[in-house]
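Data block below; observations after.
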Amino acid sequence: MTELAATPAPLDAPAGTPPVDDAALIRAARARVRRRRLLILLAQLALVAVVLGGWQLGANQGWLDSFTYGSPSGVADQLRIWFTEGTATGSIWRNIGVTMQETVFGFLIGTASGVVLGIALGRIRVLADIAAPFIKAANSIPRIVLGSIFIIWFGLGPSGKIALATVLVFFSVFFNAFQGTREVDQNLISNAKILGASPWRVTTQVVLPSAMTWIIASLHAAFGFALIGAIVGEMLGAQYGLGQLIAQAQGSFNSNGIYAGTVIIAVLALVAEWLVTRFEKRVLRWRPAQSGSDSAGV
């Protein structure tokens with residue numbers, strides 16, 4: 144196994160300065176990264192402890208009305224009941240599964256349609272000019288109105304929630320794909336055409352990889368929009384789902400139930416964000432590491 148060679152001391156270093164050990168420098172850098180991550184984790188845990196502790200203390204001391212604001216212990220008890228005894232509409236896992244099914248389908252359909260249409264309009268300017276007013280008008284419609292329309296069209300089943308999630312994801316991905324296509328270096332496209340590439344090969348082998356950074360960046364927000372669309376649709380009308388549980392809790396003035404549903408949604412969103420980040424790192428492995436990205440913590 145080859146050993147890392149020691150780097151000679153700088154020319155302007157004082158006489159007798161020992162050579163720099165590259166392995167030691169790497170170990171020291173990794174140790175600094177680990178310490179920084181540990182400090183960030185401890186700060187995050189401390190912030191959560193302060194917020195939850197202050198909330199619980201306020202509820203116990205009567206500073207906060209437990210009926211209106213709930214309490215961390217009440218939220219934990221509500222989660223325990225849901226996961227051990229179930230909900231009024233069946234198992235909590237069934238409700239989570241319905242919401243995730245609607246979210247994932249809406250995310251996939253919205254992402255695919257947003258990428259295809261964004262690249263198509265980015266490549267064909269005449270088509271973009273024709274479609275521009277219609278896209279702007281559709282994007283200006285309040286999502287809550289679309290949710291009500293979809294409930295009328297599709298009923299209380301998952302189809303309306305998938306449609307609403309698709310719409311929210313579509314516009315998030317579309318504008319990024321469109322802008323990413325417009326930002327592609329025209330010299331690359333010209334060179335590909337000179338080499339005899341067809342329009343299809345230019346799009347798939349030049350434009351799409353160049354716009355991929357923009358598209359992947361939109362996915363972080365897109366899954367959140369898909370989850371929002373599914374939850375809002377369920378709150379407007381559904382038989383199952385986390386949104387329906389929150390709507391039930393709201394109807395019975397169960398603040399702890401609202402917070403419990405919010406906690407589950409937040410956990411699902413964090414897991415999805417982790418998966419999207421892993422996907423981004425795998426797809427964009429060719430991209431050089433940005434300096435300072437570690438220090439930024441994102």
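So in the numbering used here the end of the sequence shown lands on 441, straight run, no missing numbers. The C-beta atom is built at its ideal place from N, Cα and C for all residues, glycine as well.
Measuring CA to CA, which of the options is closest to residue i?
i: alanine 275; options: Gly290, Phe318, Pro301 and Val259; result: Phe318
i: alanine 365; options: Ala308, Asn334, Leu338 and Ser302; result: Ala308
i: leucine 370; options: Phe396, Thr347, Ile407 and Ser353; result: Ile407
i: serine 256; options: Ala306, Leu188 and Val349; result: Ala306
i: leucine 349; options: Ala360, Lys279 and Gln329; result: The amino acid occupying residue 349 in the given sequence is valine; leucine does not appear at that position. Residue Gln329 is the option with its Cα nearest to valine 349.
i: isoleucine 295; options: Asp208, Leu411, Leu379 and Ala166; result: Leu379
i: serine 398; options: Ala219, Ala166 and Ala335; result: Ala219
i: tyrosine 212; options: Val414, Ser315, Gly298 and Ala403; result: Ala403
i: threonine 356; options: Gly367, Gly384, Ala320 and Leu338; result: Ala320
i: isoleucine 389; options: Leu185, Leu222, Phe250 and Ile252; result: Leu222
i: serine 209; options: Gly400, Thr347, Lys336 and Phe297; result: Gly400
i: glutamate 416; options: Val176, Ile262, Arg178 and Phe250; result: Phe250
i: leucine 411; options: Leu385, Phe396 and Gln391; result: Leu385
i: threonine 420; options: Gln391, Gln387 and His363; result: His363
i: glycine 367; options: Val247, Leu184, Ala186 and Val176; result: Val247
i: threonine 242; options: Leu190, Ala186, Pro301 and Gly205; result: Pro301
Could you tell me whether the Cβ atoms of residue i and residue j are closer together than 7 Å?
i: threonine 254; j: valine 327; result: no
i: isoleucine 235; j: phenylalanine 226; result: yes
i: alanine 381; j: glutamate 245; result: no
i: tyrosine 383; j: threonine 232; result: yes
Does the beta-carbon of residue i have 16 or more other beta-carbons within 10 angstroms, so that it is buried, or is it exposed?
i: serine 333; result: exposed
i: valine 443; result: Here the chain covers residues 144 to 441 and nothing more, so residue 443 does not appear.
i: alanine 167; result: exposed
i: proline 285; result: exposed
i: serine 361; result: buried
i: proline 342; result: exposed
i: glycine 196; result: exposed
i: glycine 217; result: buried
i: phenylalanine 277; result: exposed
i: isoleucine 262; result: buried
i: valine 191; result: exposed
i: alanine 392; result: buried
i: threonine 346; result: buried
i: valine 310; result: buried
Step through the CB atoms of chain D and report whether any lies within less than 7 Å of the CB of residue i.
i: leucine 207; result: This model lacks chain D altogether; it includes just one protein chain.
Beta-carbon within less than 6 Å of residue i's beta-carbon, same chain only, minus the 5 sequence neighbours each way: which residues are those?
i: arginine 425; result: none
i: phenylalanine 422; result: none
i: valine 259; result: none
i: glycine 290; result: Leu307, Val375, Gly376 and Leu379
i: valine 414; result: none
i: glycine 201; result: Leu207
i: serine 214; result: Gln199 and Ala202
i: arginine 325; result: Gly265
i: arginine 268; result: none
i: phenylalanine 293; result: Gly303, Ala306 and Leu307
i: serine 353; result: Val327
i: serine 434; result: For serine 434, the predicted model reports a pLDDT of 44, less than 50, meaning its position is unreliable; a value from the coordinates is still stated below. The answer is none, since no qualifying residue turns up.
So, for residue i: in the same chain, excluding its five sequence neighbours on each side, which residues have a beta-carbon less than 7 Å away from its beta-carbon?
i: leucine 264; result: Leu270, Ala271, Ala274 and Phe321
i: asparagine 282; result: Phe314
i: isoleucine 358; result: Val258, Val316, Asn319, Ala320 and Gly323
i: leucine 299; result: Gly380, Ala381 and Gln382
i: glutamate 146; result: Interpretation of glutamate 146 is limited by its pLDDT of 48, a score under 50 that renders its predicted location unreliable; no figure is taken from the coordinates.
On the DSSP bridge list, what partners appear for residue i?
i: threonine 230; result: Gly233
Under 8 Å Cβ to Cβ from residue i, same chain only, skipping five residues before and after it: list those, please.
i: glutamine 387; result: Thr232, Asn238, Glu377, Met378 and Ala381
i: arginine 344; result: Ala335
i: serine 395; result: none
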